[in-house]
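Report on the following structure.
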Amino acid sequence: MNPTLLRFFLSEYRKRRKKAALITFALFWGTMSIIIFLGFGQGMTTQFRTSFSGLGEDLIMINGGQTSRTYQGLPKGRRIQIFPTDIDYLKARIPEIDLIAPESDNSWLVSARRKEINRTIHGTTAEFASMRTQIPRPGGRFINPDDVRDGRKVAFIGWKVAGDLFGAENPVGQTIVINRVPFMVIGVLEKKLQDSMYNGPDADQVYLPFTSFGQIDSQPYLDRIHLRPRKPGDSLLVEERVRTLLGRKYRFDPDDRYALGIWNTIENAKEAMVIFKGIEVFMGIMGALTLLIGAVGVTNLMYAVVKERTQEIGIKMALGAKRRVIILQIVMETLFIFVKGTFWGFVTAFNIIQLVRRIPINYDNFDLGGYLLRPIFSMQTLFIFLGVVGVLIFLSGIFPALRASRLNPIESLRYE
Amino acid sequence: MIEFRGIKKVYQTGSQSLEALRNLTLEIGRGEFVSIMGPSGSGKSTLMNIIGCLDTPTEGEYILEGRNVAGLNLDQLATIRNKTIGFVFQNFNLLPYATAWENVELPLLFNGKKGRQRRERVAELLGEVGLLEWKEHRPSELSGGQQQRIALARALANDPPLILADEPTGNLDSKSGEEIMAILSRLWKEGRTIVMVTHDDRISSHSERTIRLFDGMLAV
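Chain order of the listed sequences is G and Y. Quick note on numbering: our numbering labels position 145 of the first sequence as 145, and the sequence is numbered without any gaps. Every position in the second sequence, counted from 1, becomes a number in our numbering once 416 is added.
Here you go:
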């Protein structure tokens, strides 16, 4: 735009500053709403995904059950148990399985430094770590294949167990006694968000090599099998094959939903993600509607501007201003009002998001805060915002501008 | 320069229609200084508006510089107003928030004149009307005569062959009025066509020819 025309416009604008103040505030508020809503919506989705993956990523869990149908002459109500041999059995027959690990657990006293606590102890293999997001704190590790092969007396413990037994001290290398057998702590679980669990959060658990667990526990069957398909999309297929194969092995109807307990977190996550996406979109729409109120204010103001400046527009027309010059002037002014309101709304919302992100999350007692305290300002938010604002600027500016450009020059010149 | 053939202008207000110009035919040659006189309601302003391409006739043909204006769209009319016609109004019609310089600059901006060329032209025009020292002043800081001189400078910005003056001295004291008339006479002598509406015989005496209107027709 030409500097003279720009200066005209600014001096005109300054006169209207007070009138524009309320509308600027509405735009400020609307911008803040849209960015904060989008930020919290996205943050919630991400937190949900993170906390869900706190249990495991692309994980299917299988445990024994009780038949609810008669099958091949066998009565219903039979108890179905799964055994360590099922690991190789399934792995050999279902090529879509990427990782598979057994899990057995029992509750015992765990002691160290004359402190004694009761915790669930699990026996498993190295594959468990990746499926169940068991990430060790620096300086430690999870159970590895050698630990399992050699039946080493080592333990991986949750951070709460570490705190309960050793306080602030580093437990790695220290000894804990489980069921009167000493184990060396080789790693402590890094803090994580976890919203789904069995036997309580992983922070409270103790993990041993599957073979070592067998030495202190006499139970022959498994409590759980964890497996991960190569492709998450195969989860339902894998689930069906597990039912079929184990059904054949243990003689139950593969369609009997109670014979095996299968927790397919992939399918659960899919459903939950749809809900969270829905919330995200809803919040975005709420924000956009709030901004729309501001935009309606701007349209009103611009109609008033056109009316107030009728004579000026008439003069410009008489001097040969083309329609687009008149339109551009009004649209530019709309843009300016918008930029002013939205810029500060944008800055404020951005800072609010950053401030909220600084509030620490209580990992030990995961609740609503865990979802709400990590809003996100993303490129996606920015683009959605710019798109919405762009459309609103156009819509609130163009109609007053068109009206201005269609004014009759003679009547406009006479307008007082 | 200007040719009216059977021009009719009808204003429709509700069910009533008012015939402002009735079958008007007239011709104004290039380089003429013509004043238009007549009582109020005689159609002077309507005639000026049509000549100035601010309005279009209901019927008839208006030929400006050999070109029929009737079928032109809004932007084409705007271009004619910008390049071919310079307007001088009774109430000056300067932009109140713009300086003298900026007011003169406006038609050049609409014509797309660039930086240095434009600045030189504005300085030249303000010099011609003797107001270069007043370039930073806004209309409210200038006398009526000065404002009308700024308006004249603005009318001349794109060097139009036709100047339309609607009661140019109507809001001025006699001394300022004489100054304006002197400038208009000079412009006429330089070869421009001047069409001026007035109801003051002393003012019209500056022109070569007087067209008298009565009830939307030429008075005989």
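We put the CB at the ideal spot given by N, CA and C, even for glycine. Remember, it's a predicted structure, so these values are computed and weren't measured experimentally.
Within-8 Å CB hit, residue i to chain G
| i | result |
| --- | --- |
| Y:Tyr400 | Residue 400 of chain Y cannot be examined here, being either before or after the span of chain Y that is shown, 417 to 636. |
| Y:Asp471 | yes |
| Y:Arg535 | no |
| Y:Asp617 | no |
| Y:Tyr427 | no |
| Y:Arg497 | yes |
| Y:Pro584 | no |
| Y:Ala539 | no |
| Y:Glu518 | yes |
| Y:Asp491 | yes |
| Y:Ala366 | There is no way to answer for residue 366 of chain Y, as the model of chain Y reaches only from 417 to 636. |
Coarse secondary structure for residue i, derived from DSSP in three states
| i | result |
| --- | --- |
| Y:Asp631 | coil |
| Y:Met597 | helix |
| G:Val172 | coil |
| G:Leu260 | strand |
| G:Val110 | strand |
| Y:Tyr427 | strand |
| Y:Ala436 | strand |
| G:Pro136 | strand |
| Y:Glu481 | coil |
| G:Tyr415 | coil |
| G:Ile361 | coil |
| G:Arg374 | coil |
| G:Ile143 | coil |
| Y:Met417 | coil |
| G:Lys115 | strand |
| G:Gln66 | strand |
| G:Ala101 | strand |
| Y:Leu490 | helix |
| Y:Tyr513 | coil |
is_contact[residue i, chain Y] using C-beta, thresh 8 Å
| i | result |
| --- | --- |
| G:Met44 | no |
| G:Ala304 | no |
| G:Gly320 | yes |
| G:Phe8 | yes |
| G:Leu5 | yes |
| G:Leu355 | no |
| G:Met273 | no |
| G:Met317 | yes |
| G:Glu308 | no |
| G:Leu17 | Residue identity check: residue 17 of chain G is Arg in the sequence provided, not Leu. Cβ-Cβ to chain Y under 8 Å: no for G:Arg17. |
| G:Arg323 | yes |
| G:Ile410 | yes |
| G:Leu413 | yes |
| G:Glu333 | no |
| G:Glu312 | yes |
Proximity of residue i and residue j at Cβ, strictly below 8 Å
| i | j | result |
| --- | --- | --- |
| G:Ile60 | G:Thr265 | yes |
| Y:Met597 | Y:His622 | yes |
| G:Ile429 | G:Thr124 | Residue 429 of chain G is absent from the model: chain G starts at 1 and stops at 416. |
| G:Pro400 | G:Ile330 | yes |
| G:Gly200 | G:Ile34 | no |
| G:Phe40 | G:Leu355 | no |
| G:Asp202 | G:Gln194 | yes |
| G:Phe213 | G:Ser378 | no |
| G:Ile117 | G:Ile178 | no |
| G:Gly397 | G:Met302 | yes |
| G:Leu392 | G:Leu328 | no |
| Y:Cys469 | Y:Val485 | yes |
| G:Val206 | G:Ala155 | yes |
| Y:Ala573 | Y:Leu524 | yes |
is_contact[residue i, chain C] using C-beta, thresh 8 Å
| i | result |
| --- | --- |
| G:Ile327 | Included in the structure are the protein chains G and Y, with no chain C among them. |
Answer yes if the region 520-534 of chain Y comes into contact with the region 351-370 of chain G, meaning at least three C-beta pairs across the two stretches below 8 Å, and no otherwise. In short, these stretches do not touch, since the Cβ pair count stays below three.
The region 437-444 of chain Y contacting the region 422-429 of chain Y, beta-carbon criterion three pairs below 8 Å: yes
Below 8 Å, can you find three or more Cβ-Cβ pairs linking the region 374-382 of chain G to the region 53-72 of chain G? no
If you pair each beta-carbon of the region 26-37 of chain G with each one of the region 212-229 of chain G, do three or more pairs fall below 8 Å? no
Alpha helix (DSSP H) segments (min. 4 residues) lying fully within the region 198-273 of chain G: 210-216 and 235-250
I'd like the ranges of any beta strand (DSSP E) spanning at least 3 consecutive residues and lying wholly in the region 517-588 of chain Y. 578-582
Counting Cβ pairs, one atom from each stretch, are 3 or more of them under 8 Å apart for the region 494-503 of chain Y and the region 317-328 of chain G? yes
Counting pairs of beta carbons, one from the region 302-309 of chain G and one from the region 43-58 of chain G, are three or more of them closer than 8 Å? By the Cβ criterion, the region 302-309 of chain G is not in contact with the region 43-58 of chain G, since fewer than three pairs of Cβ atoms, one from each stretch, lie closer than 8 Å.
Would you list, in sequence order, the uninterrupted alpha helix (DSSP H) runs of no fewer than 4 residues that lie entirely inside the region 320-369 of chain G? 323-358
So does the region 600-620 of chain Y actually touch the region 580-589 of chain Y, counting three or more Cβ pairs closer than 8 Å? yes
Is it a yes or a no for the region 337-348 of chain G touching the region 547-559 of chain Y, going by three-plus beta-carbon pairs under 8 Å? Flag = no, the region 337-348 of chain G and the region 547-559 of chain Y do not touch.
Cβ pair count under 8 Å reaching 3, the region 249-269 of chain G against the region 69-82 of chain G: yes
Secondary structure, beta strand (DSSP E): runs of 3+ residues fully inside the region 457-481 of chain Y: 475-480
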